[in-house]
Amino acid sequence: MLDSDHIVRGDEGSGRFSIVAMRGSDVVGALSVNAAKEMAMLKRVTAANAGRPVPALNRRLRSARRLEMKSKELFRERQQ
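If you read the sequence shown in this note's numbering, its first letter stands for residue 1121, the second for the next number, and so on.
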């Protein structure tokens, strides 16, 4: 989540806080310390945003799929 902005909610000194990673107006990740209810809510928001395409990730997934298909093809050739 290096390419996202981070927002701290709560007081880090109190030992109860959350860090929310934002990309634009979307929550793309979060972590919480001693804030279970907030983390439950942040998980739902993050999951709702997970279905949206992220261009860089999509390119990586396509490359990985091509590599996987090529490896399977080579494996089948060697098995014959």
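All C-beta atoms, glycine included, are put in the ideal place defined by N, C-alpha and C.
First through last residue of the beta strand (DSSP E) which encompasses residue i
i	result
Ala1141	1136-1143
In DSSP terms, what residue i is bridged to
i	result
Leu1151	Ile1139
Gly1130	Phe1137
Endpoints, the alpha helix (DSSP H) within which residue i is located
i	result
Glu1158	1156-1170
Residue burial classification, residue i (beta-carbon count within 10 angstroms, cutoff 16)
i	result
Ser1152	buried
Leu1194	exposed
Ala1170	exposed
Leu1187	exposed
Ala1150	buried
Ala1160	exposed
Expected contact under 8 Å - CB spacing of residue i and residue j to nearest Å
i	j	result
Val1147	Val1165	5 Å
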